[in-house]
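Positions 1 to 285 (this note's numbering) are the ones given, in order, by the sequence shown. Backbone N, C-alpha and C define an ideal beta-carbon position, used for all residues, glycine too. Given the structure is predicted, the values throughout are model-derived calculations rather than measurements. The structure appears below as structure tokens.
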Amino acid sequence: MILLQEAAYGKLNLTLDVLQKREDGYHDLESIMQAVSLRDDIELKLETREPWTLSCDREGIPCTPKNLAWKAAKVFYDSGSFPDEGLSIHIRKRIPTEAGMGGGSADAAAVLRALNRAYGEPYSVEELAALGTEVGSDVPFCVVNGTAFARGRGEKLESLACNAKLHYVICKPDLSFSTPTLFSKLDETPISRRPNHLAVIQALEKGEEQLVAEGLYNVFEEAVRSDYPEILHLKERLLQEGAWGAQMTGSGSVVFGIFPTRQQAQQACESIKAQWTASFVCENI
Ligand code: C5P
1 MILLQEAAYG KLNLTLDVLQ KREDGYHDLE SIMQAVSLRD DIELKLETRE
51 PWTLSCDREG IPCTPKNLAW KAAKVFYDSG SFPDEGLSIH IRKRIPTEAG
101 MGGGSADAAA VLRALNRAYG EPYSVEELAA LGTEVGSDVP FCVVNGTAFA
151 RGRGEKLESL ACNAKLHYVI CKPDLSFSTP TLFSKLDETP ISRRPNHLAV
201 IQALEKGEEQ LVAEGLYNVF EEAVRSDYPE ILHLKERLLQ EGAWGAQMTG
251 SGSVVFGIFP TRQQAQQACE SIKAQWTASF VCENI
């Protein structure tokens with residue numbers, strides 16, 4: 001039996017813009033994505049000589065072939081002549097689910113990286129990211145990690161220089177939104193404001209954390225704010241606690257704030273936990 005361990009980092013969208021709907025039903029988007037230290041841990045066992053299994057220490061996660069981590073393993077084995085001698089996947093979950101943090105995609109990407117390592121790196125990082133597209137739109141970024149500008153479905157990635165140290169507080173309200181429904185909502189309503197990616201890219205490169213925070217913008221937030229005032233309340237609370245900027249990530253429902261120091265982030269997190277128990281401090285990696 002071979003034992004492999006791999007970290008699966010969550011992601012945040014610092015900017016997110018949705019462009020046109022495509023013929024394949026997906027939307028072209030533009031987003032600055034960043035991997036953060038809040039992570040799941042994946043343990044893989046190969047050569048178990050048993051049917052595939054998947055387990056997770058958090059209830060409510062599908063431990064079936066529908067799980068993106070399982071799908072990733074299937075895509076990997078289907079992509080070449082790797083001997084399938086049994087596989088077991090265990091996920092230690094910390095990333096909030098239905099959150100816009102790409103938790104399932106991060107697990108899938110970690111499985112791809114671990115299997116690639118186990119079989120002697122047959123794929124480059126770019127090739128592995130391309131395989132990830134078959135599993136989900138956020139998987140390519142989660143294979144690569146770091147900070148990147150994503151386009152297309154999310155699979156066209158350009159790595160970005162990041163000299164900023166960003167202290168985040170991440171809060172998961174007890175709400176979840178359907179990603180396809182939010183995309184459809186944007187098809188029906190004109191988008192009134194769009195993010196300035198370039199300003200954020202330059203601030204990241206120069207290490208100007210406050211400017212990064214001031215440039216946060218996600219078009220999905222507009223689409224949910226009026227129906228779910230809790231998103232706005234949470235955002236305002238993060239700002240009251242001293243965040244330079246705050247915003248929802250992806251299609252939600254996590255709202256995050258960027259704080260001047262780790263200590264301020266920790267203090268804010270403790271205070272916010274009284275109302276939003278699923279609150280965490282993390283930073284970019
Ligand atoms: O690729 P993924 O399975 O994560 O996407 C979930 C759903 O979100 C898609 O079925 C599609 O409805 C929507 N989506 C989209 N455009 C993207 C990414 C996702 O319309 N770029």
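9 Å Cβ cutoff met for residue i and residue j
{"i": "Leu46", "j": "Leu112", "result": "no"}
{"i": "Trp52", "j": "Ser88", "result": "yes"}
{"i": "Leu68", "j": "Val139", "result": "yes"}
{"i": "Cys142", "j": "Lys11", "result": "yes"}
{"i": "Leu157", "j": "Leu204", "result": "no"}
{"i": "Gln247", "j": "Tyr217", "result": "yes"}
{"i": "Gly257", "j": "Leu239", "result": "yes"}
{"i": "Leu115", "j": "Phe82", "result": "yes"}
{"i": "Ala72", "j": "Val125", "result": "no"}
{"i": "Met33", "j": "Phe149", "result": "yes"}
Expected contact under 8 Å - CB spacing of residue i and residue j to nearest Å
{"i": "Ser296", "j": "Glu241", "result": "Absent from the model: residue 296. The displayed extent of the chain is 1 to 285, so no value can be given."}
{"i": "Arg225", "j": "Asp17", "result": "In fact, because the Cβ distance is near 16 Å, the residues do not count as touching under 8 Å."}
CA nearest to the CA of residue i, picked from the options
{"i": "Glu30", "options": "Leu182, Cys162, Gly152, Ala129", "result": "Gly152"}
{"i": "Ala223", "options": "Val212, Ser251, Gln266, Ala213", "result": "Ser251"}
{"i": "Ala35", "options": "Pro190, Gly100, Leu19", "result": "Gly100"}
{"i": "Ala164", "options": "Thr277, Asn284, Met33", "result": "Asn284"}
{"i": "Ala213", "options": "His233, Val255, Leu175, Asp187", "result": "Val255"}
{"i": "Arg262", "options": "Asp28, Ser184, Asp78, Glu209", "result": "Glu209"}
{"i": "Pro122", "options": "Thr147, Pro190, Thr133, Ser79", "result": "Ser79"}
{"i": "Gln20", "options": "Ser184, Thr277, Ile61, Ile32", "result": "Ser184"}
{"i": "Glu6", "options": "Gln202, Lys235, Ala109, Leu234", "result": "Ala109"}
Contacting residues, own chain, Cβ-Cβ under 8 Å from residue i (five flanking each side not counted)
{"i": "Arg49", "result": "Glu85, Gly86"}
{"i": "Ala130", "result": "Pro140, Glu155"}
{"i": "Gln275", "result": "Arg237"}
{"i": "Ala243", "result": "Val169, Ala213, Gly257, Ile258, Phe259, Ala268"}
{"i": "Phe76", "result": "Phe82, Val111, Leu112, Leu115, Asn116, Leu131"}
Cutoff 6 Å; reference residue i; Cβ partners in own chain excluding five residues on either side
{"i": "Thr97", "result": "Gly103"}
{"i": "Trp70", "result": "Leu54"}
{"i": "Ala265", "result": "His167, Val169, Phe259, Val281"}
{"i": "Thr179", "result": "Ser251"}
{"i": "Leu182", "result": "Phe220, Ala223, Ser251"}
{"i": "Cys269", "result": "Val169, Ser279, Val281"}
{"i": "Pro65", "result": "none"}
Own chain partners of residue i with C-beta closer than 7 Å, once the 5 adjacent residues on each side are dropped
{"i": "Arg286", "result": "Residue 286 is absent from the model: the chain starts at 1 and stops at 285."}
{"i": "Lys273", "result": "Ser279"}
{"i": "Asp107", "result": "Ala8, Asp40, Ile42, Leu68, Ala69, Ile91"}
{"i": "Cys63", "result": "Leu54, Ser55, Cys56"}
{"i": "Ala118", "result": "Ile2, Leu4, Leu46"}
{"i": "Asp187", "result": "Lys21"}
- Query: Along the chain, which unbroken stretches of the alpha helix (DSSP H) at least 4 residues long are found entirely within the segment 172–216?
  - Reply: 179–188, 197–206, 209–214
- Item | Secondary structure, alpha helix (DSSP H): runs of 4+ residues fully inside the segment 114–141 | You should have 125–133.
- Query: Can you give, in chain order, each stretch of the beta strand (DSSP E) that sits fully within the segment 46–76 and has at least 3 residues?
  - Reply: 53–56
- Only counting runs of 4 or more residues, tell me where the alpha helix (DSSP H) segments fall wholly within the segment 212–265, in order along the chain. 219–225, 229–240
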